[in-house]
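Asks: Before we start, here is the structure in question, set down as structure tokens.
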Amino acid sequence: MSGFRAVWFRGDSVASYPRTLDVNLFGAQRLTKALLPELLDEKAPGRLVFVSSGAGTANLSKMSEERRQELLECSDLSAMAAFCSAFVAAYEASAREQEEQPLPHLSSGFWLQSYGFSKACLNRYCQIMAQQHPGLSCVACSPGFVDTEMVKTYRGDAKLKSVEEGGDVCAWLACSPAIDNGYYNPDRSMASAG
């Protein structure tokens with residue numbers, strides 16, 4: 015599952031954040047829940063490969079230490095839902111105070127940028143799934159800056175990867191015989207924890 019084309023850093027749209035969270039995080043959760051019985055088959059165990067983004071790591075680094083720890087300590091889906099509800103409340107309050115001026119900025123310890131927030135939460139969800147299902151391979155990855163409309167609005171004319179180049183790490187993670195759970199960079203290297 016990759017994601018929804020959201021407005022990037024140049025001014026998150028207040029109208030876009032519910033759909034961004036619904037597709038990028040909750041959609042991945044719904045799909046995983048539906049497929050989990052098949053993925054947990056002992057005879058042919060499955061693998062979860064979540065398409066994330068470096069924006070998730072960036073968003074996590076811009077949160078307050080308290081909020082960052084709160085996300086990293088989420089141990090189940092109800093804790094994740096409560097964390098997301100707090101983000102939504104901060105996002106809506108800030109949007110009202112800013113009178114629809116572009117986000118992001120720091121408020122209530124959250125970096126108010128919905129795309130990056132959804133991907134930070136997706137990365138944590140991947141970790142939760144790995145903890146809850148030790149026999150299941152669970153990975154998340156960033157394809158890098160791929161030539162899509164969403165990325166063009168952010169990067170302009172900068173050199174972008176083709177869809178095939180961006181899909182390399184995803185395909186490798188899906189097909190590689192032995193990989194470790196975690197988050198992978200576009201070059202197939204494993205990112206440090208956090």
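At the far end of the sequence shown sits residue 208, using this note's numbering, and the numbering has no gaps. C-beta: ideal position from N, C-alpha, C; glycine also.
What does the alpha-carbon distance come out to for the pair Y31 and G130?
Replies: The straight-line gap from Cα to Cα measures roughly 11 Å.
Asks: I'd like the list of long-range same chain contacts for I142, defined as Cβ closer than 8 Å, with 5 residues on each side in sequence excluded.
Replies: Cβ neighbours of I142 beyond the five flanking positions: C88, S89, D90, L91 and M94.
Asks: Using only alpha-carbon positions, find the residue among N137, M77 and R202 that is nearest to W125.
Replies: For W125, the nearest C-alpha among the options comes from M77.
Asks: Please tell me whether P59 and L150 are closer than 9 Å, where the distance is taken between their beta carbons.
Replies: Yes, the pair counts as a contact, with Cβ atoms nearer than the cut-off.
Asks: In or out: C189 buried (at least 16 other Cβ within 10 Å) or exposed?
Replies: Under this definition C189 is an exposed residue.
Asks: Return the bridge partner residues of Y60 from the DSSP annotation.
Replies: It should be noted that the sequence gives Gly, not Tyr, for residue 60. Answer is none; G60 lacks a bridge partner.
Asks: Just the C-alpha distance for Y105 and P118, rounded to the nearest angstrom, thanks.
Replies: Answer to the nearest angstrom: the Cα atoms are 9 Å apart.
Asks: Indicate whether T71 and A144 have their beta-carbon atoms separated by less than 9 Å.
Replies: No, Cβ-Cβ distance for T71 and A144 is not below 9 Å.
Asks: Quick check: what's the CA-CA separation for I193 versus L35?
Replies: So the alpha carbons of these two residues sit roughly 28 Å apart.
Asks: Candidates D182, L120 and G158: which alpha carbon is nearest E80's?
Replies: For E80, the nearest C-alpha among the options comes from L120.
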